[in-house]
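Here our numbering = 1-based position in the sequence shown + 33.
Don't be surprised by glycine CBs; every beta carbon is placed ideally from N, CA and C.
Owing to the predicted nature of the structure, the values given are computational and were not obtained by experimental measurement.
What follows is a single structure, written as structure tokens, with notes after it.
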Amino acid sequence: LPRRTLSSRRRVGRHAVSAMPRRQLLLGLAAPALAVTAVPALTAPPSASLAVHAAARQTHSFCEAACGSAAARRRAVRCGRVVCALSPAYDSTMRYAAVDWAKNLRTLPTSTILKRISSPLLFNVLVTVLICASQAFGGPLPPLPPLPHQLLGSALGLLLVFRTNAAYDRFWEARKQWGVVTSECRALAGHAVTFMTPQQALPLLSLTAAFPVVVKSYLRGERDSRRLKALLAPSEVLALDAVVNQPQYVLARLRQLAQAARQVGVSEKEREVLLKSVGVLGECVSTCERIYNTPIPLSYSRHTSRFLIFYASTLPLAIVGALGWATVPVMATLCWALFGILEIGNLIEEPFTAYESQRRPLLPLTEVCRTIRRDVRAIAQYAALAQNYSTPTIARGEPTFELPDGFRQLRAVLATSAAVATEVSEAAKKKATGGQDA
Numbered sequence: 034l035p036r037r038t039l040s041s042r043r044r045v046g047r048h049a050v051s052a053m054p055r056r057q058l059l060l061g062l063a064a065p066a067l068a069v070t071a072v073p074a075l076t077a078p079p080s081a082s083l084a085v086h087a088a089a090r091q092t093h094s095f096c097e098a099a100c101g102s103a104a105a106r107r108r109a110v111r112c113g114r115v116v117c118a119l120s121p122a123y124d125s126t127m128r129y130a131a132v133d134w135a136k137n138l139r140t141l142p143t144s145t146i147l148k149r150i151s152s153p154l155l156f157n158v159l160v161t162v163l164i165c166a167s168q169a170f171g172g173p174l175p176p177l178p179p180l181p182h183q184l185l186g187s188a189l190g191l192l193l194v195f196r197t198n199a200a201y202d203r204f205w206e207a208r209k210q211w212g213v214v215t216s217e218c219r220a221l222a223g224h225a226v227t228f229m230t231p232q233q234a235l236p237l238l239s240l241t242a243a244f245p246v247v248v249k250s251y252l253r254g255e256r257d258s259r260r261l262k263a264l265l266a267p268s269e270v271l272a273l274d275a276v277v278n279q280p281q282y283v284l285a286r287l288r289q290l291a292q293a294a295r296q297v298g299v300s301e302k303e304r305e306v307l308l309k310s311v312g313v314l315g316e317c318v319s320t321c322e323r324i325y326n327t328p329i330p331l332s333y334s335r336h337t338s339r340f341l342i343f344y345a346s347t348l349p350l351a352i353v354g355a356l357g358w359a360t361v362p363v364m365a366t367l368c369w370a371l372f373g374i375l376e377i378g379n380l381i382e383e384p385f386t387a388y389e390s391q392r393r394p395l396l397p398l399t400e401v402c403r404t405i406r407r408d409v410r411a412i413a414q415y416a417a418l419a420q421n422y423s424t425p426t427i428a429r430g431e432p433t434f435e436l437p438d439g440f441r442q443l444r445a446v447l448a449t450s451a452a453v454a455t456e457v458s459e460a461a462k463k464k465a466t467g468g469q470d471a
């Protein structure tokens with residue numbers, strides 16, 4: 034587990050196992066070994082069975098401490114965040130629950146969307162107030178028939194829906210690419226420690242763990258030198274600082290190391306497997322660059338914004354005669370809803386740089402990088418961990434049949450085997466025929 038998870042922090046929402054002793058954490062890591070040990074306990078003496086059951090109870094207590102009680106889990110769902118340490122959920126992942134409606138209403142004044150649409154919202158509210166004041170103090174205004182707004186409302190709704198769907202497609206495509214990055218980094222690390230020892234694969238594993246950090250910084254236009262210094266050798270960090278496109282440098286280094294693996298006995302087929310994973314990582318970088326450099330056409334966004342402004346600015350003329358001063362709250366609510374939908378599309382259009390709030394990005398790229406780094410480190414330790422717990426392995430058994438030295442003996446063995454096979458097939462046919470007669 035990461036070092037910060039083992040710290041003494043007690044913030045349940047961020048690190049649920051932070052206040053847990055190291056002994057319990059090690060016991061949780063040993064849970065797979067306890068499960069393997071429990072298999073021969075069926076025929077073991079009573080003392081061994083009691084030891085296995087005691088270990089199982091300790092593992093269950095660890096899970097209870099990590100995941101919490103049923104009430105704690107319900108509270109976690111209520112607040113929209115998973116707090117179980119054994120869950121793959123990221124720290125910043127927030128999920129909506131129906132019971133959060135009151136909290137959502139309370140936090141409306143601090144909403145990110147409300148802050149971003151405050152300018153057009155105030156403009157339309159001011160226009161509505163002026164129209165209502167003219168209607169109340171200057172005499173009735175010429176009535177505007179509601180038919181134009183009724184006809185244009187459907188077109189406006191389609192524009193908003195298409196705009197939001199196009200933006201969400203970009204967001205989801207970006208998230209899928211980072212899912213591929215996660216799976217390929219795990220596969221690359223797993224293949225590396227399978228074809229080589231962890232000590233021999235250490236340079237490749239370090240670059241694999243640093244690759245998502247480099248891609249995240251590249252897409253956000255920043256440099257995370259502090260994290261890279263903790264993952265790579267000083268000379269590798271200096272070489273990274275000297276290039277502009279850092280992901281391509283890491284990919285080139287991964288290809289070089291995969292080819293250099295022939296020096297430690299890695300075959301050509303195994304090197305092709307490593308290079309295939311590196312190629313998939315390169316395709317993910319290219320796809321992310323395409324998403325980043327190809328926004329939704331500006332004319333589409335501008336036309337939707339202008340259409341919405343004219344629609345919302347002239348709508349009070351059609352309803353002020355029937356609603357009077359009640360037109361102001363009605364228009365404020367309507368503008369908040371329509372401009373909010375438009376701004377949600379603008380927000381999720383840039384999935385790599387957008388922030389839902391000041392501290393929570395739209396895509397949890399930092400948590401993805403932390404997960405890949407943790408998994409690469411764990412994959413390098415799995416073989417030693419399994420060996421320490423004496424887990425079952427595949428062993429070569431004794432041969433049950435030896436081929437004879439001469440062709441005459443071989444023909445005799447084959448003839449005997451053919452005769453036995455014929456007898457077995459005839460017996461099976463007789464048995465099947467007898468079953469049908471019965």
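| query | Using a Cβ-Cβ cut-off of 8 Å (strictly less than) and excluding sequence neighbours within five positions of TRP358, which residues of its own chain qualify? | reply | The residue you call residue 358 lines up with position 325 of the sequence shown. Only residues of its own chain outside the window of five on either side were considered, and among them CYS165 and ALA169 have a CB closer than 8 Å to the CB of TRP358, listed in chain order.
| query | First and last residue of the alpha helix (DSSP H) that includes MET364? | reply | The residue labelled residue 364 in the question sits at position 331 within the sequence shown. Element bounds for MET364: 360-381.
| task | Report all residues from its chain with a CB closer than 6 Å to the CB of ALA242; omit the five preceding and five following residues, and keep chain order. | result | Against the sequence shown, residue 242 aligns to sequence position 209. Excluding sequence neighbours, ALA242 sits near LEU264, ARG406 and VAL409.
| message | Helix, strand or coil for TYR422? Go by DSSP, reduced to three states. | response | Along the sequence shown, one-based indexing puts residue 422 at 389. Coil at TYR422, not helix or strand.
| query | Is there contact between the region 297-306 and the region 220-239, where contact requires at least three CB pairs shorter than 8 Å? | reply | Verdict: yes, contact present.
| message | Is the separation between the beta-carbon of TYR129 and that of ILE381 shorter than 8 Å? | response | Here residue 129 is taken as the residue at index 96 of the sequence shown, counted from 1. Here residue 381 is taken as the residue at index 348 of the sequence shown, counted from 1. The answer is no: Cβ separation not under 8 Å.
| field | C-beta atoms of SER250 and ASP257 nearer than 8 Å | value | Locating residue 250 in the sequence shown gives position 217, counting from the first residue. Locating residue 257 in the sequence shown gives position 224, counting from the first residue. Taking 8 Å as the Cβ cut-off, SER250 and ASP257 qualify as a contacting pair.
| query | What residues are listed by DSSP as bridge partners for PRO394? | reply | Taking the first residue of the sequence shown as position 1, residue 394 is located at position 361. According to the DSSP secondary-structure assignment, PRO394 is paired through a beta bridge with TYR388.
| GLY212 - containing alpha helix (DSSP H), residue span | On the sequence shown, position 179 is the one that residue 212 refers to. Here the alpha helix (DSSP H) through GLY212 covers 180-228.
| message | Determine whether the beta carbon atoms of LEU341 and LEU189 lie at a separation below 8 Å. | response | For the purposes of this step, residue 341 is taken as residue 308 along the sequence shown, with counting starting at 1. For the purposes of this step, residue 189 is taken as residue 156 along the sequence shown, with counting starting at 1. Contact: yes.
| request: Express the C-alpha separation of PRO384 and GLU321 in angstroms, rounding to a whole number. | output: Here residue 321 corresponds to residue number 288 of the sequence shown, with the count starting at 1. Here residue 384 corresponds to residue number 351 of the sequence shown, with the count starting at 1. Correcting the residue identity first, residue 321 is Cys in this sequence and not Glu. About 10 Å.
| Nearest chain B C-beta to VAL246 closer than 8 Å, yes or no? | The chain labelled as chain B is not found in the depicted structure, where only one protein chain is given.
| field | Test item: CB-CB of ARG149 and GLU376 under 8 Å | value | Residue mapping note: residue 149 aligns to position 116 of the sequence shown, counting from 1. Residue mapping note: residue 376 aligns to position 343 of the sequence shown, counting from 1. At the C-beta level, ARG149 and GLU376 come within 8 Å of one another.
| request: Assuming LEU193 and ILE374 form a contact by the criterion Cβ under 8 Å, report the distance between their Cβ atoms to the nearest whole angstrom. | output: Reading the sequence shown from its first residue, position 160 is the one you call residue 193. Reading the sequence shown from its first residue, position 341 is the one you call residue 374. Their Cβ separation, rounded to whole angstroms, is 5 Å, which keeps LEU193 and ILE374 in contact under 8 Å.
| query | THR410 by DSSP, collapsed to three states: which one? | reply | Along the sequence shown, read from residue 1 onward, the residue named residue 410 stands at position 377. Contrary to the premise, residue 410 reads as Arg rather than Thr in this sequence. In the displayed model, ARG410 falls within a helix according to three-state DSSP.
| Between the Cα of PRO363 and the Cα atoms of ALA345, ARG260 and GLY378, which residue gives the shortest distance? | On the sequence shown, position 330 is the one that residue 363 refers to. The identity of residue 363 in the sequence shown is Val, whereas the question assumes Pro. Comparing Cα positions, the closest option is ALA345.
| said: For ALA294 and VAL214, I'd like the C-alpha separation in whole angstroms. | reply: Against the sequence shown, residue 294 aligns to sequence position 261. Against the sequence shown, residue 214 aligns to sequence position 181. If I take the Cα positions, the gap works out to 22 Å.
| said: Quick check on VAL283: buried or exposed, where buried means 16 or more other Cβ atoms within 10 Å of its Cβ? | reply: The residue labelled residue 283 in the question sits at position 250 within the sequence shown. Burial call: buried.
| What is the DSSP secondary structure of GLY315, counted as helix, strand or coil? | Residue mapping note: residue 315 aligns to position 282 of the sequence shown, counting from 1. In this structure, GLY315 counts as helix in the three-state DSSP scheme.
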